[in-house]
Amino acid sequence: MIEKTRENTLKNYNPKIYNDAVSSLGEKDVQVVNFDITRAIAKVIMSMFGPKGLNKMIIPFSNEPIITQKGDKVVKTFKNRIPITLMLLDLVKTQEKNCGDGTKTAILLTAFLLEKTREMLALGIPPQIINRGFSLSMNKALEILEDNVIQFDFQNDHQLVDIIKSVMNHKFTYHNKESHIALIVETLKNNTDLFFKSHNFVFSDILFRKVPGKSVNDSELINGMIIYKDKPNLSLPDKITNAGILLVQKSLDFFIPGNKELYPKEVEINSKEMLQEFSQFRNEYYGNLARLFKQKGVDVIFCQKKIKPYFIDYCASMGIVALELVGEEDIKKLTKLLGVNAISSFSDLSNIKLGNADSVEFKKISGDEMFFINLESSKILTFLIRGGIPPLMDELEEIFNGSLRVAIQTVKDKKLLPGGGALECEISQKLKIFAQNYPNKYQIVITEYAKAIENLPAHIIMNSAAEPLDLIPQLRAAHSNGQKYMGFNCIVNDIVDVVKEGIYDGYFTKKQIIKITSELARQIIRVDSLIMVYNRKLYEQIEKEGKEVKSQKHQEKVRKYLNKKDESLFSDLYNTK
Ligand SMILES: Nc1ncnc2c1ncn2[C@@H]1O[C@H](COP(=O)(O)OP(=O)(O)O)[C@@H](O)[C@H]1O
Ligand SMILES: [Mg+2]
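Numbering (the working numbering), first residue to last: 583 to 1159.
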């Protein structure tokens, strides 16, 4: 009897056990929030998906509008106080960082998996079963993926061009796309030591400099770096070959307060003579320093801080290019490019280390002067991107970046996967057969996972203005006949053998997508409540000042009650004797 009353009381009573600065959602609500938000985000991404997907225009708070085809750039603009949005943002950031492609597929697949989860929960399948079922499905999907691998041969130019073309997609509506593919192929072939043998190569060593003007086909690759700097003195030559380069982190203005390393004396000037004496000393001083640098073989100085104008001119008179206020990031990259550290102390100039470039050159491009540092076997590469308008150049940067990264990874993996939805159809088909090994609820979960994967080609077809209700059954029929490379080609809007047509996907990209989306979906399924500190200040205040002592005591009582440790608490709390 007492047990019964207790149960009813618990049902009706909703004790406030959280701190006042915290709000919470229970199981049903949190699932609705997570599923609804993922669905809303997927809806935004959906229209962008596939070669004929559309781009989004984003207007950042203080910058020029950008036009993007990247999922991560769009997800970044969503509200970030909602945990599920942050999780999705993490997902696309990881995908972009590791692969440079596949962000939209990742978002959509997560959304499809959660949509199926919602339906299964409604059917009464417990989250624990869905979670384990998804894990079984993921492992099997990865096995099927391995069975569909196509060997990649770096010497086979067709394969290389095809994977680059597939990643570039057909979104870019200019005509001479071939020249960009050729540029990526050339970049790969000319830098094999850097990409495949160097241990410390990272993708951020590929830089992009966008200069409006000319056409996108005039974009080129520079072995080395480009710094946005004007010639500091017109007497300097445009080009210096075999240039000695000094990197400096500290200011080269020794007479500013606090910079006493080279000139530690305090000077108080109170007469004309002293002023003359001082300026003579200063001129001699800077002259000597410039001569010392010249003796050491310095042709160029990149200084992160300010350089005294006198010194810039002295240097120029000796043919030394002294560039001030070079950005921290540029100095870091120059350090890697030249293999020397930037000097941060002038106390010992006797053994300064110089970097060496094949040549340095000032060039005027569309009215802007730039300084090129060229090295034949360079550790840093720079794409100089040209184009009529900035959004076009942004898009080209995304395309170069994505296709080069997938191509590098493909050469390393020596593997490719069939694109155009062929792999997804095969995985879906084989998973449905695999599901039949389970005479229980897992069969339903694995089948739903398979349907979620099949949704991907259905959306590529839809975005190409073709009819998924006709084409998906055709694809299913082909795959059940063992034609595992049958997929969709958006150029002809029909079912084709994608391998024959050279439509591929990156091996690492697809594998990563299956892993991280399945893991994220499983993580979300396992969440049954959301506890959020919405007011950090109040939260900290309550913690510090113990304002909620009363509420804590209350919590303690409830906790004990829930643990059924003290029967007397029952009457005490709820007066239901
Ligand atoms: N010619 C093509 N026809 C049909 N699908 C293609 C073609 N080329 C690439 N795809 C497919 O487009 C999908 C990638 O689309 P994309 O918009 O780049 O999304 P993501 O951001 O996920 O890379 C892949 O599944 C790929 O197989
Ligand atoms: Mg892509």
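Glycine included, every Cβ here is placed at the ideal spot set by N, Cα and C.
Just so we're clear, the structure is a prediction, and the values are computed from it rather than from any experiment.
Next on the checklist: So within the segment 637–667, which uninterrupted alpha helix (DSSP H) runs reach at least 4 residues, ignoring any that extend past its ends?
Outcome noted: Those alpha helix (DSSP H) runs which fall completely within the segment 637–667 and span 4+ residues are 653–657.
Checklist entry - At a cut of 8 Å, does the segment 974–990 reach the segment 700–712 through at least three beta carbon pairs? => result Contact between the segment 974–990 and the segment 700–712 is absent: fewer than 3 CB-CB pairs across the two stretches fall below 8 Å.
Checklist entry - Per DSSP, what kind of secondary structure is L789 in: helix, strand or coil? => result L789 carries a strand assignment under DSSP once its states are collapsed to helix, strand and coil.
Next on the checklist: With distance defined between alpha-carbon atoms, name the residue in L998, S1010, K652 nearest to L636.
Outcome noted: Closest in C-alpha terms to L636, from the list L998, S1010, K652, comes K652.
Checklist entry - V942: buried (16+ other C-beta within 10 angstroms of its C-beta) or exposed? => result Counting the other CB atoms within 10 Å of its CB gives V942 a total of 16 or more, which places it among the buried residues.
Item to check | For N956, the first and last residue of its enclosing beta strand (DSSP E) | outcome: 950–956 is the span of the beta strand (DSSP E), which, as asked, contains N956.
Item to check | Test item: CB-CB of T620 and L670 under 8 Å | outcome: Yes. Within cutoff.
Next on the checklist: Here's a check: name, in chain order, each residue in its chain whose Cβ is nearer than 6 Å to the Cβ of I1072, leaving out the five neighbours to either side.
Outcome noted: Before going on, a small fix: residue 1072 reads as Cys here, not Ile. Around C1072: P633, K634, S1046.
Checklist entry - Alpha carbon to alpha carbon, what distance is there between I1113 and E1125? => result Each residue's Cα considered, the two are about 16 Å apart.
Item to check | G684: CB within 7 Å of a non-hydrogen atom of ligand 2 | outcome: Flag set: Cβ of G684 near ligand 2.
Checklist entry - What do you get for E1008, buried or exposed, if any count of 16 or more other CB atoms within 10 angstroms of its CB means buried? => result Burial is judged here by how many other beta carbons sit within 10 angstroms of a residue's own beta carbon; E1008 has at least 16 and is buried.
Checklist entry - Is the segment 806–814 touching the segment 899–917 in the sense that three or more CB pairs, one from each, lie closer than 8 Å? => result These segments touch.
Checklist entry - For S801, which residues of its own chain have a beta-carbon under 6 Å away from its beta-carbon, when the five flanking residues on both sides are left out? => result If we look at S801 and ignore the five residues flanking it on each side, its Cβ neighbours are I967, R968.
Checklist entry - Among the residues of its own chain, which have a CB less than 7 Å from the CB of I1085, if the five just before and after it don't count? => result So the list reads S748, G1001, G1002, G1069, N1071, once near-sequence residues are dropped.
Item to check | Cutoff 7 Å; reference T685; Cβ partners in own chain excluding five residues on either side | outcome: Answer for T685: K652, G653, D654, V674, Q677, E678, listed in chain order.
Checklist entry - How about D1087: is its Cβ closer than 7 Å to a heavy atom in ligand 1? => result Under cutoff, so the answer is yes.
Item to check | Rounded straight-line distance, which links the Cα of L931 to that of P665 | outcome: Approximately 54 Å between the Cα atoms of the pair.
Checklist entry - Is it the case that the Cβ atoms of G901 and L829 are separated by a distance below 8 Å? => result At the C-beta level, G901 and L829 stay beyond 8 Å of one another.
Next on the checklist: Check for me: the alpha helix (DSSP H) holding D744 runs from which residue to which?
Outcome noted: Here the alpha helix (DSSP H) through D744 covers 739–750.
Checklist entry - For K1093, which residues from the same chain have a beta carbon less than 8 Å from its beta carbon, with the 5 sequence-adjacent residues on both sides left out? => result Contacts found: L724, L727.
Item to check | Environment of G840 [buried if 16+ CB atoms lie within 10 Å] | outcome: Because G840 carries a pLDDT of 49, less than 50, the predicted location of this residue cannot be relied on, and no value is offered for it.
Next on the checklist: Quick check on Q741: buried or exposed, where buried means 16 or more other Cβ atoms within 10 Å of its Cβ?
Outcome noted: A residue is called buried when at least 16 other Cβ atoms come within 10 angstroms of its Cβ; Q741 meets this threshold and is buried.
Item to check | Reduced DSSP category for L816 - H, G, I as helix; E, B as strand; rest coil | outcome: The answer is coil: DSSP assigns L816 none of H, G, I, E or B.
Checklist entry - By Cβ distance, which residues of its chain are closer than 8 Å to D881, with the 5 residues on each side in sequence left out? => result Leaving aside the five residues that flank D881 on each side, the residues in its chain whose CB is nearer than 8 Å to its CB run, in chain order, I822, A825, G826, I827, G901, I902, V903, V942.
Item to check | Contact check, A1040 vs S1010, beta carbons under 8 Å | outcome: Not a contact, by the Cβ cut-off of 8 Å.
Checklist entry - Relative to the alpha-carbon of D995, which residue among V657, D895, L803, T1091 has its alpha-carbon at the smallest distance? => result For D995, the closest alpha carbon among the candidates V657, D895, L803, T1091 is that of T1091.
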